[in-house]
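Protein chains in written order, with the working numbering: chain B, 366 to 620; chain V, 366 to 620.
Using N, Cα and C, we set each Cβ at its ideal position, and we do this for glycine too.
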C-alpha cells in the first residue's frame, strides 16, 4: 500500500511539518521505497516534483524540505509498487489538463480489471492501474461536462459516482485536485484534521518533531491535512468511512 | 525576447554546463527576469521544474545545478514577458499528453491574433499566446493523427506545415518534444551544435567557465545542444535559417 498526503488551506501554507512525517514512511518507518511525488497548486499553475528514488533518501525531498513552497492545495504520494515497474512515468501524482485547469490524481490501492475499461481522450503514459483509472475518470467527467458545470455540487456528485464504481474493482483511496477543490475518497484508510485558531502544538508519529502552530500561523488561517493514517500522536483526526467522499475548499470540508 | 535551450543525446547526459550559461541570461547577462522552466525526459516520463522568479537568483535553478539530472531530451526556457503576466501558469515549457506521451513546448517570439484561432480539445491554463499556439498545434496533430503515425516523417511534415502557418503571425522560434524527437523551428534566432568524439574544451560566453568534454564523456557519446544564441565562444555553431525545421533524435539531426 502507498501513503497519501493532501492539504487544503485558505492561505498559502507550507506543508513541511506533515511532509517530514510522510517522508519517513518512504523507506525508514514504512516500506514505501518505490518513489514519491508531490504537486503544489499555485494560482492556476501547478508545480510537481517526482522521484522514483525512496523518499527518505531523496535529494529532491531534501530540497523541498529546505525550500518551503507555499500553496493552498497540495497532493503527495509515496509508493510501494504493486502494479507497474518503478520508474518516473509510474510515479504519482499524475496530472492532465481539463477545461484549462490542471487536474492532479494520487491513488492508494489496487484496481483489478481497470485496464479492460476502454479509454477515450486521455491515455496513460506509464503502466499503472492508477493512471489508467485517472484517464478513465477524466474521460467520463469530460463527456458529462464538456465545459465546467456551474454548480460544484454537480461535479461532486459525478466524482462520487465514479469513485463508487471504481471501488467495485478493489481498493480505491483517492486524492484528486481540480485546481479549486480537493476530493478525498476512502475505501479503506484515509483521515483528515482541520487546524484553526486557537492553534496548539502537534507532535509527529514518525519523527521526533513537535511544532506549535500558534507560532506559525495567523488567527484567520484554516488548514486541513489529509493522510492515509494520522500523522500526529496528540491530535484527534477524523477517520473516513468506506465509500465516503469529502470535498475540501479553502481549508474546510464543503457541505 | 526569451532564450531557448534544448539538448538531444544518445546517452543520458547532464546539461549543467549549458544551463550555467543560460541561467546567467536570466537577470544577470540578459534581461530575461520573468521566470524560467526546464523539462527533462526520462524514459517515457518527464520531469519539469518551473519558477516565476529570475533564473539567476532562483533556488530551484541552484538545486538543478547542484544535482545534475541526466536525460536524452531536455527543453528549457527563460522568459522576458511580452504577453501574459508573470506567474507560474505562464511559465514555459508547457506540457500536455497526446497518444500516451508527454509533449513539451517552449517558444520565443510573439504571435499576433493567435487567440482568435479556435481550440478543440486542449485549452490553455494561463494567458500567454505561446500556450494557445501549443494547444492549437496539438489539436491539429491529434486531428490529423488520432493514433501516432508509423512514419516519423509524416509527423515531421505536419509539424513543418503548422510552424510555417504560425510563422505568418509573427516570430516563432520553437522547441517541441514528443518524448522521442526534439523539433527545433527557427524564424529569427536558433543555433545548434553537435559534440562527439574527439571532444575538446568549450568556453561559455556568459560565465567564466570552461569544460573539457574529453574528460566528461565516452567516445560513443553524441550530444546536440540547441540555443537561441551560441552559448560558447570557441566552437562553431550551426545558425538556423528562417523557416527551417531540424528534428533531432539520439543526439543527431534526422535526414
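Residue 490 of chain V has a beta carbon lying within less than 8 Å of a beta carbon in chain B.
Not flagged as an interface residue toward chain V: residue 585 of chain B, since no C-beta distance is shorter than 8 Å.
At a cut-off of 8 Å between beta carbons, residue 464 of chain B contacts chain V.
Between residue 407 of chain B and chain V, the shortest Cβ-Cβ separation is below 8 Å. Look at residue 455 of chain V here: in three-state DSSP terms it is helix.
Closest by C-alpha distance to residue 471 of chain B, out of B:593, B:423 and B:519, is B:593. Considering only B:505, B:579, B:590 and B:474, the residue with the shortest C-alpha distance to residue 483 of chain B is B:505. The beta carbons of residue 389 of chain B and residue 572 of chain B sit closer together than 8 Å. Under the Cβ criterion (8 Å, minimum of three pairs), the segment 550-561 of chain B counts as touching the segment 578-592 of chain B.
Around residue 441 of chain V, the same chain offers 370 and 403 as residues with beta carbons nearer than 6 Å, after the five sequence neighbours per side are excluded.
DSSP places residue 570 of chain V in no beta strand (DSSP E); its state is neither H nor E. Residue 437 of chain B has a beta carbon lying at 8 Å or more from every beta carbon in chain V. Listed along chain B are 454 and 490, each with a C-beta nearer than 9 Å to that of residue 467 of chain V.
Within the same chain, 373, 374, 375, 587, 588 and 589 come within 6 Å of residue 616 of chain V by CB-CB distance, once the 5 residues on both sides are set aside.
Nearest C-alpha to residue 368 of chain B among B:382, B:398, B:379 and B:377: B:398. Per DSSP, residue 399 of chain B has no beta-bridge partner at all. Close to residue 578 of chain B, with beta-carbon spacing below 7 Å, lies no residue of chain V; the smallest spacing is near 25 Å. Counting C-beta atoms within 10 angstroms of its own C-beta, residue 495 of chain V has 16 or more neighbours from the protein chains shown and is therefore classed as buried. Using a Cβ distance threshold of 8 Å, residue 489 of chain B and residue 451 of chain B do not count as a contacting pair.
With a threshold of 16 other beta carbon atoms within 10 Å, residue 443 of chain B meets it and is buried.
Within the same chain, 520 come within 7 Å of residue 514 of chain B by CB-CB distance, once the 5 residues on both sides are set aside.
Distances from the alpha-carbon of residue 487 of chain V to those of V:497, V:480, V:457 and V:478 put V:497 closest. With distances taken between CA atoms, residue 405 of chain B lies nearest to V:413 out of V:413, V:542, V:493 and V:568. Annotation: the continuous beta strand (DSSP E) that includes residue 559 of chain V extends over 556-561. Excluding five sequence positions before and after residue 537 of chain B, the CB atoms of its chain that fall closer than 6 Å to its own CB belong to 474, 531 and 552, given in chain order. In the DSSP annotation of this structure, the continuous segment of the alpha helix (DSSP H) that includes residue 517 of chain V starts and ends at 517-532.
Assigned with DSSP and collapsed to three states, residue 383 of chain V falls in helix.
Looking from the CA of residue 613 of chain B, the closest CA among B:543, B:579 and B:466 belongs to B:543.
Closer than 7 Å at the C-beta level to chain B, one finds no residue of the segment 495-529 of chain V.
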